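Trainee:
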Amino acid sequence: MDRKLNLVALIMMIFTSVFGFNNIPRSFYLMGYAAVPWYIFSGLLFFIPYAFMMAEYGSAFKNETGGIYSWLNRSVGPKYAFVTTFMWYASYIIWFVSILSGIWIVASFAIFGADLTKQLSIFGLNSTTTLGVLGVILMILFTFVATKGLNKITKIASIGGMATTLLNLVLLFGSLVIFIRNGFKFAQPIQDLATSFSVSPNPSYLSGISIASFLVFSVFAYGGIEVVGGLVDKTENPEKTFTKGVTISAIVITIGYAVGIFLIGVFTNWNFLTGQDNVHIGNFSYMCMKNFGYQLALSFNASEQLALKVGQYTSQYMGTSIFLCLTGAFFTIIYSPLKQLIEGTPKELWPRSIGKIEDGMPKNAMWLQCIIVVLFIIGVTFGGDKAEAFFLKLTLMTNVAMTIPYLLIALAFPKFKNNEKIKKSFSIFKTDFSIKFATFSTVALVGFANVATIIEPAITKRKYGDSCWMIFGPLFFTLVALSLYKRYENSKV
């Protein structure tokens, strides 16, 4: 029998599901210090109120096993709940494929301190197909381990959370050391607060639409906390532990993003690092940490050769930490969304074998999920340009679809609060004004982010097809969910 999650284990699972260390250097790359206010803004108006909503939902339905579906079913109705949960789950299939393709680049940085995946080949296959084969093997391995129970997932997620926490501590204390040793000087000078924290050094991020697209980036950086909603019933003393875990995580993650971006400027000059030919947003995080080690060594008067060596070690350390964090997040997400979809929804929606729960895990459904992801990877990897274009369209379809559930969950919150039949053992939003404000700020910010995401390709790149696919995505997943639900309703007649 699986043990219950304690506070530390829960926080680590939330941390690995939500916090992305890569978002810190990438935000600095896009906006410099000007990214800080947007992260605070998004944290205050979206993430913290949304996280508190999750805490209230979770504590009220602590005995429910269906997560999001159970919450919305009791608050609004079964059809609303199923469409939201199905749309939310579908986006993770694409996430799996993307992560399994990119995780080997992270692993390469961890082992070699550089991206050598283009040189990778097994059985005479080229690098792309080799990465596909390795992705298939990893998906099967992850599924096998995850079906062994929550204890295995918790341990791996905790390792990923600790690795990320340690990486942040290294950045924090290392940056302070560099700052002191360099005579309290910033590598990225602060001319004045108004300019440095409002105007990006990146010329591509000075227009209104580009700044709006960064707001999208900062909002999406906080996504994922709803994943742990299905773990309420697996948490020790859920009224206190789940609520406290969500609250602590929300505050720490918001502060962590803002402080982390500021610290990058202690040892990184934006113009110097981005001016190098081999630096781009895809590898900026690793080049940034390589520069961190280099500057740290130089601050102690190390030789150029030794400083370069230290820089390589810090780049490898970051690769290792991100690899462990991604692995931890993967193990949480391979289980939790599917658990909510299968356990929460009516059993008649699924074939009996798919809905079967063994040892507290939907093992058959997890293996079916594995098969679907594997087929996607094989199709994209071996299918040539047409398959790659197809996957790009799928990715565009899920860009907006994966955040629509945030809107639907937030929109249901007032009905949840006003439903006196639902016993609420814990409450953060106690007044009608606070409920409406939290709902409005969350819905408005995510809604604006989605609109900006949809129109940005059409306005800045004249890629009208991309914008159309993003609109089509939510419509397609909604129609699929409604057709499944209609089939279920007809089966009851």
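Under the numbering used here, read the sequence shown as residues 19 to 511, first letter to last. By construction, the Cβ of each residue, glycine as well, lies at the ideal position given by its N, Cα and C atoms. Owing to the predicted nature of the structure, the values given are computational and were not obtained by experimental measurement.
1) Measure the alpha-carbon distance for F39 versus P369 and round it to whole angstroms.
2) Inspect the CB distances between the region 255-275 and the region 76-90 and report whether three or more fall short of 8 Å.
3) I177 to R480, Cα distance in whole Å?
4) V101 and S267 look like a contact to me (Cβ under 8 Å); what is the Cβ gap, rounded to whole Å?
5) Among residues of its own chain, excluding the 5 on either side of G61, which ones have a beta-carbon nearer than 6 Å to its beta-carbon?
6) What do you get for L184, buried or exposed, if any count of 16 or more other CB atoms within 10 angstroms of its CB means buried?
7) Closest to L393 by CA distance: which of A315, G153, M49 is it?
8) Any idea if I129 is buried or exposed, counting beta-carbon neighbours within 10 angstroms, 16 or more meaning buried?
9) Sorted by chain position, which residues of the same chain lie with C-beta nearer than 6 Å to F528's C-beta, five sequence neighbours on each side aside?
10) Tell me the DSSP secondary structure of L138 in three-state form.
11) Within a Cβ cutoff of 7 Å, which residues of the same chain sit near I422, ignoring the five residues on either side of it in sequence?
12) Would you kindly check if the distance between the Cβ of I243 and the Cβ of V264 is under 8 Å?
13) Can you have a look at I66 and say buried or exposed, based on whether 16 or more other CB atoms are within 10 angstroms of its CB?
14) Output the boundary residues of the alpha helix (DSSP H) element that contains G465.
15) Which value, in whole angstroms, describes the spacing of the CA atoms of P380 and G362?
16) Is any non-hydrogen atom of the ligand ATP found closer than 7 Å to the C-beta of Y506, if you look at the structure I gave you?
17) Can you grab the Cα-Cα spacing for the pair F285 / D484, in whole Å?
18) Short of 8 Å in beta carbon distance, which residues of its chain neighbour V54, apart from the five on each side in sequence? Order them along the chain.
19) What number of angstroms, rounded off, separates the C-alpha of A428 from the C-alpha of N200?
20) Can you list, in chain order, the residues of its chain with a C-beta nearer than 6 Å to that of S88? Leave out the 5 residues immediately preceding and following it.
21) In whole angstroms, give me the CA-to-CA distance for L497 and S443.
22) Closest by CA to A99, which one among Y503, K136, Y47, M30?
Mentor: The structure says:
1) By 1-based counting over the sequence shown, the position of residue 39 is 21. By 1-based counting over the sequence shown, the position of residue 369 is 351. Between F39 and P369, the C-alpha separation is close to 40 Å.
2) yes
3) In the sequence shown, residue 177 corresponds to position 159, counting from 1. In the sequence shown, residue 480 corresponds to position 462, counting from 1. Between I177 and R480, the C-alpha separation is close to 44 Å.
4) The sequence position of residue 101 within the sequence shown is 83, counting from 1. The sequence position of residue 267 within the sequence shown is 249, counting from 1. V101 to S267, Cβ: 28 Å. No contact.
5) Indexing the sequence shown from 1 puts residue 61 at position 43. Cβ within range, chain order: T272.
6) Counting from 1 along the sequence shown, the entry for residue 184 is found at position 166. Exposed: under 16 other Cβ atoms inside 10 Å.
7) Walking along the sequence shown from the start, residue 393 turns up at place 375. Of the candidates A315, G153, M49, the one whose C-alpha sits nearest the C-alpha of L393 is G153.
8) As a first step, residue 129 is located in the sequence shown; it is residue number 111 there, counting from the start. Under this definition I129 is an exposed residue.
9) Nothing about residue 528 can be reported from this structure: the residues present for the chain run from 19 to 511 only.
10) Taking the sequence shown and counting its residues from 1, one reaches residue 138 at position 120. Of the three classes helix, strand and coil, the one that applies to L138 here is coil, per DSSP.
11) Locating residue 422 in the sequence shown gives position 404, where the first residue counts as 1. Hits under 7 Å: M105, P492.
12) The residue you call residue 264 lines up with position 246 of the sequence shown. The residue you call residue 243 lines up with position 225 of the sequence shown. Yes, the Cβ-Cβ distance between V264 and I243 is below 8 Å.
13) The residue given as residue 66 occupies position 48 in the sequence shown. Buried, by the Cβ-count rule.
14) Looking up residue 465 in the sequence shown gives position 447. That run of the alpha helix (DSSP H) goes 450-478.
15) Within the sequence shown, residue 380 is the residue found at index 362, counting from 1. Within the sequence shown, residue 362 is the residue found at index 344, counting from 1. When rounded, the distance between both Cα atoms is 12 Å.
16) As far as ligands go, the structure on display features none, and thus does not contain the ligand ATP.
17) For the purposes of this step, residue 285 is taken as residue 267 along the sequence shown, with counting starting at 1. For the purposes of this step, residue 484 is taken as residue 466 along the sequence shown, with counting starting at 1. Whole-angstrom Cα-Cα distance: 37 Å.
18) Within the sequence shown, numbered from 1, the residue matching residue 54 stands at position 36. Once the five neighbours on either side are set aside, the close Cβ partners of V54 are F215, A276, I279, F280.
19) Looking up residue 428 in the sequence shown gives position 410. Looking up residue 200 in the sequence shown gives position 182. So the two alpha carbons sit approximately 47 Å from each other.
20) Locating residue 88 in the sequence shown gives position 70, counting from the first residue. Contacts found: F79, E82, G362.
21) Translated into positions along the sequence shown, residue 497 becomes position 479. Translated into positions along the sequence shown, residue 443 becomes position 425. Their backbone Cα atoms lie some 36 Å apart in a straight line.
22) Here residue 99 is taken as the residue at index 81 of the sequence shown, counted from 1. A99 has its Cα closest to that of Y503, out of Y503, K136, Y47, M30.
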